[in-house]
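Residue numbers (the working numbering): -19 to 965.
Glycine included, each C-beta is placed from N, C-alpha and C at the ideal position.
Remember, it's a predicted structure, so these values are computed and weren't measured experimentally.
Written out as structure tokens, the structure reads:
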């Protein structure tokens, strides 16, 4: 919109020079005339607008599409320029600059700046050109990290189109070679939200919605009740397959080798009557179905050596989901503590008579009703096996005795049977399982209302503990909804008693069995000794809980399915082959032993989507995050012993009684939990500046509730003892939560940049004054989704980049007023007035055209001349209002506009005049507005202090449309009423 009024305190001698410059023919081709505003003194422009820009013929036609994502460049001086936009519906989520200034852009798009590019592109500012990165990536890019030679991309994708060896969600682009390659650790099994290098370039830190599995260390072996071969799964009790529905094909015709059941429990050494063979020279399969859900952790395979035969290669598919499982095994089959490796479609089976069997572990929490073992490689004339056992996830005991059968009580792979004993009456009942189409048998007892606990039936499990060590014990209860028994279910008590001396203490747990879906309840966690013939490793007794049968005349139901023991170490050692789950956080050492000097140089077979070894200290932090934790932001500060890494997201860190919600700090071998227990909401972004961590996200308070009013942005002075989270007062609205934070050099001081969605999606915070800068952000309307910092924090002239669904942008936010002057380079300079307008409460309206005419007639001759000059050059200077698209914006774009745009009768500055009070130059501003500080329709603006104050003794209701100052007297006109009752003048 055009400004309503321009006014000045002029210098007469300079006016002729001003006119001459304005119309010098030699300057006719310039995009802007060389106008010396300082010759006029100070020129003020006020009116009904929200932003101002100097007219530039080259950019006059720039428009924005709110349904595309626009890339903007912002100079250190605050100038905004439209660099390019994605295809309609595209999105930009990540930006990074190389040291040379090349910008890489990631998101979800098919073109950028008119150049076809799939989800990632490069922008070269020196030539103003975009380019694709090969075939791009086949999914959304959410995180980027750049150095001079490599771009690391993370997100939700598999890899580049046609690429091979990519493990998913991460990829590397070589700038010199212009080609994609997988990272040495292959990939991660979930979306990557953040990639941050250490300052010394030795490590990359990844955050996101993924998980990792590590196997670390070797120490002494705990006691075992058997003398069988020490394998990777020695702690995992086998599940009997004797009653399974099994088939094997094509089975050999050689006498004594054609019965597959021989290998469930070999009666003697490898040979006739104890091994099974395939038809020579044939691939084959072994299928076993149990028709009930089994919690399983692996499979044990022993090879045959009959006449040189044996299985060389195999794969395993779970039933019923038909998934080829990734298997983890010891790289040295003779040493269960050797480094772990993985396989999936081509797993090798050792053919060494000194190795009776190998254990292959499934991913944790695997449930199946059966499996298919496919054999497609062999030694000698053909394939075959001597032993096949399915391994539980530790140990188990069912409430129905027939389900506790041991696959083998003597010989190779022998184990003892778990037991169950009861008092009172228990009935075997089939219930619907969690896997469609299958059932499981459970024990059920019925208790009449009013029955005392001492008179209620009991059931005691004595699971067989094959190897001593650390276990978690779970009580499994089938859901009541599928059975239609929720109304009769009640609460039960479970007493877990470890056997022998020196183990954990007895625990009692009350469980409500009215769960609608299947549930597992932890009832014991600690050490257990191996079971012996005289002493069980554990006993668990189930009975009615106190108050469990309160109502006489009602029959209650107690259900006993099973207890499941999950071994913390699969092979009975305290750390060897101990599989530890990490969530959301991963460190990869780029150089040597990494930034914290605790990484091991990666082997060529490293795969972060399977089992890893040698966790770093930062990796170990992920072991203490809750399952499903997501890391949205990672910040690295310092190097060497001073290195500190901050992580933020949606998680709970727990270490004993110490917890931290959604944010924490890590230094070498030490976690510093956030003050106040963390922040009570998801953190979307972190940034650090001069010893202060800034956090943004969906929170209004700290976790402990002691600090409130945070409005989604807070800071933590982490180097100060006993520091707490502090609010950043008066957070500007950026349309909901802040999406990203960053640091930008804005001249004298660095600023914290906050970008978000809707309204004015950009805000600047000045750390030196601990305040928000109301005008530094300029005018930007739309959703911002990404911020790209300058290549170096010390670059005082660095360009930063912004991206999002932009509707309008202007370098200068000027809600109703600005000052024009001559800049240091001789070009016009716009300085926004430092106040914010809100809609006025008055309903009075003013005819703008009439008001302008009246103001012109009442000005002094000198002011009339000054006005005439401004009118003459306005076509060249033309303060350009934001161009709004006529099409409807995307539904996701919040188009809450500043009041000066959204209202035609309120939120307007209609008049202005200068007044010098001693050495202080003031502007008298009038209109129909209310500022953010509550000043209504008339105010005094201090040009130097950039503050607006109320006019002493004047209280006006209505609109001020005309102002003039003669000597020290202000003349005020308009459609208003004063507190003393004066009308309009």
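Exercise for the section: List the DSSP bridge partners of residue 256. Expected result: As a working mapping, residue 256 is identified with position 276 in the chain shown. The partner list for residue 256 (beta bridge, DSSP) reads 365.
Exercise for the section: Give the C-beta separation of residue 192 and residue 602 to the nearest angstrom, bearing in mind that I take them to be a contact with Cβ-Cβ under 8 angstroms. Expected result: Taking the first residue of the chain shown as position 1, residue 192 is located at position 212. Taking the first residue of the chain shown as position 1, residue 602 is located at position 622. Their Cβ separation, rounded to whole angstroms, is 7 angstroms, which keeps residue 192 and residue 602 in contact under 8 angstroms.
Exercise for the section: Flag this pair as touching only if the segment 523 to 530 and the segment 343 to 362 have three or more C-beta atom pairs under 8 angstroms; answer yes or no. Expected result: no
Problem - Sequence-distant residues of the same chain with beta carbon closer than 7 angstroms to residue 182, five excluded per side - result: The residue you call residue 182 lines up with position 202 of the chain shown. Within the same chain, residue 182 has close Cβ partners 569, 570, 571, 572, 574, 575.
Practice task
Check each candidate in 124, 77, 91 and name the one with the smallest Cα separation from residue 612.
Solution key: Stepping through the chain shown from its first residue, residue 612 is reached at position 632. Here the closest residue by C-alpha is 124.
Practice task
Name the residue from 491, 496, 487 whose alpha carbon lies nearest to the alpha carbon of residue 507.
Solution key: Within the chain shown, the letter at position 527 stands for residue 507. Here the closest residue by C-alpha is 487.
Problem - the segment 504 to 520 touching the segment 419 to 426, judged by at least three CB pairs closer than 8 angstroms - result: no
Practice task
Can you have a look at residue 252 and say buried or exposed, based on whether 16 or more other CB atoms are within 10 angstroms of its CB?
Solution key: On the chain shown, position 272 is the one that residue 252 refers to. Classification for residue 252: exposed.
Practice task
Use the C-beta contact count for residue 173: other C-beta atoms within 10 angstroms, 16 or more gives buried, fewer gives exposed.
Solution key: Indexing the chain shown from 1 puts residue 173 at position 193. Looking at its Cβ environment, which holds 16 or more other Cβ atoms inside 10 Å, residue 173 is buried.
Practice task
Measuring alpha carbon to alpha carbon, tell me which of 261, 334, 299, 385 ends up nearest residue 357.
Solution key: Counting from one through the chain shown, the residue named residue 357 turns up at place 377. That would be 261, whose Cα lies nearest to the Cα of residue 357.
Practice task
Can you check DSSP and say which residues form a bridge with residue 478?
Solution key: Locating residue 478 in the chain shown gives position 498, where the first residue counts as 1. Paired residues: 518.
Exercise for the section: Identify, in the order they occur along the chain, each residue of the same chain with its Cβ nearer than 6 angstroms to the Cβ of residue 311, setting aside the five sequence neighbours on each side. Expected result: Counting from 1 along the chain shown, the entry for residue 311 is found at position 331. 318, 319, 321, listed in sequence order.
Practice task
Count the other C-beta atoms from every protein chain shown that fall within 10 angstroms of the C-beta of residue 897, then say buried if there are 16 or more, exposed otherwise.
Solution key: Here residue 897 refers to the residue found at position 917 when the chain shown is read from its first residue. Exposed, by the Cβ-count rule.
Exercise for the section: Check whether the Cβ atoms of residue 688 and residue 723 lie closer than 7 angstroms to each other. Expected result: Residue numbering aside, residue 688 sits at position 708 when the chain shown is read from its first letter. Residue numbering aside, residue 723 sits at position 743 when the chain shown is read from its first letter. Taking 7 angstroms as the Cβ cut-off, residue 688 and residue 723 do not qualify as a contacting pair.
Exercise for the section: Kindly indicate which residue of 692, 391, 276 has the alpha-carbon position closest to the one of residue 348. Expected result: Position 368 of the chain shown, counted from the first residue, corresponds to residue 348. It is 276.
Exercise for the section: Output yes or no for whether 7 angstroms exceeds the beta carbon distance between residue 707 and residue 718. Expected result: For the purposes of this step, residue 707 is identified with residue 727 of the chain shown, where counting begins at 1. For the purposes of this step, residue 718 is identified with residue 738 of the chain shown, where counting begins at 1. Cβ atoms of residue 707 and residue 718: not closer than 7 angstroms.
Handout entry: Coarse secondary structure for residue 163, derived from DSSP in three states
Key = Here residue 163 refers to the residue found at position 183 when the chain shown is read from its first residue. Correct three-state label for residue 163: coil.
Practice task
For the segment 587 to 602 and the segment 537 to 548, state whether three or more C-beta atom pairs, one from each stretch, are separated by less than 8 angstroms.
Solution key: no
Practice task
Reducing DSSP to helix, strand and coil, say where residue 241 ends up.
Solution key: The residue you call residue 241 lines up with position 261 of the chain shown. Here residue 241 sits in helix by DSSP.
Handout entry: For residue 646 and residue 308, the rounded distance between their alpha carbons
Key = Your numbering for residue 308 matches position 328 in the chain shown. Your numbering for residue 646 matches position 666 in the chain shown. Using only the alpha carbons, I get a separation of about 30 angstroms.
Handout entry: Spatially closest choice to residue 730 from 693, 766, 770, by CA coordinates
Key = For this step, residue 730 is matched to residue 750 along the chain shown. Minimum Cα distance to residue 730 is reached at 770.
Handout entry: Which listed residue (330, 297, 32, 295) has its alpha carbon closest to that of residue 288
Key = Mapped onto the chain shown, residue 288 falls at position 308. Of the listed residues, the one whose Cα sits closest to residue 288 is 330.
Exercise for the section: Taking the CB atoms as reference points, tell me whether residue 632 and residue 594 lie closer together than 7 angstroms. Expected result: For this step, residue 632 is matched to residue 652 along the chain shown. For this step, residue 594 is matched to residue 614 along the chain shown. Against a cut-off of 7 angstroms, the Cβ pair of residue 594 and residue 632 comes out as no contact.
Problem - Length of the line joining the Cα atoms of residue 742 and residue 778 - result: As a working mapping, residue 742 is identified with position 762 in the chain shown. As a working mapping, residue 778 is identified with position 798 in the chain shown. Taking the straight line from one Cα to the other gives about 18 angstroms.
Practice task
Express the C-alpha separation of residue 211 and residue 337 in angstroms, rounding to a whole number.
Solution key: Here the question's residue 337 lines up with position 357 in the chain shown. Here the question's residue 211 lines up with position 231 in the chain shown. Their Cα atoms are separated by approximately 8 angstroms.
Handout entry: Beta-carbon contacts of residue 180 that lie in its chain and below 7 angstroms, excluding the five residues immediately before and after
Key = Residue 180 sits at position 200 when you count from the first residue of the chain shown. Closer than 7 angstroms at Cβ, skipping near neighbours: 575, 619.
Exercise for the section: In the DSSP assignment, find the beta strand (DSSP E) that holds residue 428 and state where it starts and stops. Expected result: To locate residue 428, count along the chain shown from 1; it is residue 448. It spans 419 to 428 - the beta strand (DSSP E) in which residue 428 sits, taken as one unbroken run.
Practice task
Determine the DSSP secondary structure at residue 337, reduced to helix, strand or coil.
Solution key: If you number the chain shown from 1, residue 337 lands on position 357. Correct three-state label for residue 337: coil.
Problem - Cα-Cα separation between residue -10 and residue 45, rounded to whole angstroms - result: Residue -10 sits at position 10 when you count from the first residue of the chain shown. Residue 45 sits at position 65 when you count from the first residue of the chain shown. Confidence at residue -10 is low in this model, with a pLDDT of 38, below 50, so the placement of that residue should be treated as unreliable; the coordinate-derived value is given next. Answer to the nearest angstrom: the Cα atoms are 42 angstroms apart.
Exercise for the section: Could you have a look at residue 711 and say whether DSSP puts it in helix, strand or coil? Expected result: Start at 1 with the first residue of the chain shown, and residue 711 comes out as number 731. DSSP places residue 711 in coil when its eight states are reduced to three.
Exercise for the section: Using beta-carbon positions only, say whether residue 800 and residue 23 come within less than 7 angstroms of one another. Expected result: Position 820 of the chain shown holds residue 800. Position 43 of the chain shown holds residue 23. Their beta carbons are under 7 angstroms apart, which means residue 800 touches residue 23 by this criterion.
Problem - residue 307: first and last residue of the uninterrupted alpha helix (DSSP H) it sits in - result: Locating residue 307 in the chain shown gives position 327, where the first residue counts as 1. Counting along the chain, residue 307 falls outside any alpha helix (DSSP H), though it belongs to the beta strand (DSSP E) covering 307 to 310.
Problem - Contact under 7 angstroms by Cβ, residue 362 with residue 258 - result: One-based indexing of the chain shown puts residue 362 at position 382. One-based indexing of the chain shown puts residue 258 at position 278. Yes, the Cβ-Cβ distance between residue 362 and residue 258 is below 7 angstroms.
Handout entry: Limits of the unbroken beta strand (DSSP E) element including residue 598
Key = Translated into the one-based positions of the chain shown, residue 598 becomes position 618. That residue, residue 598, is in no beta strand (DSSP E); its alpha helix (DSSP H) goes 597 to 602.
Exercise for the section: Starting from residue 808, trace the beta strand (DSSP E) both ways and give me its first and last residue. Expected result: Along the chain shown, read from residue 1 onward, the residue named residue 808 stands at position 828. Run containing residue 808: 808 to 812, per the beta strand (DSSP E) assignment.
Exercise for the section: Let me know if residue 756 comes out buried or exposed under the rule of 16 or more other beta-carbons within 10 Å of its beta-carbon. Expected result: Translated into positions along the chain shown, residue 756 becomes position 776. Per the 10 Å Cβ criterion, buried.
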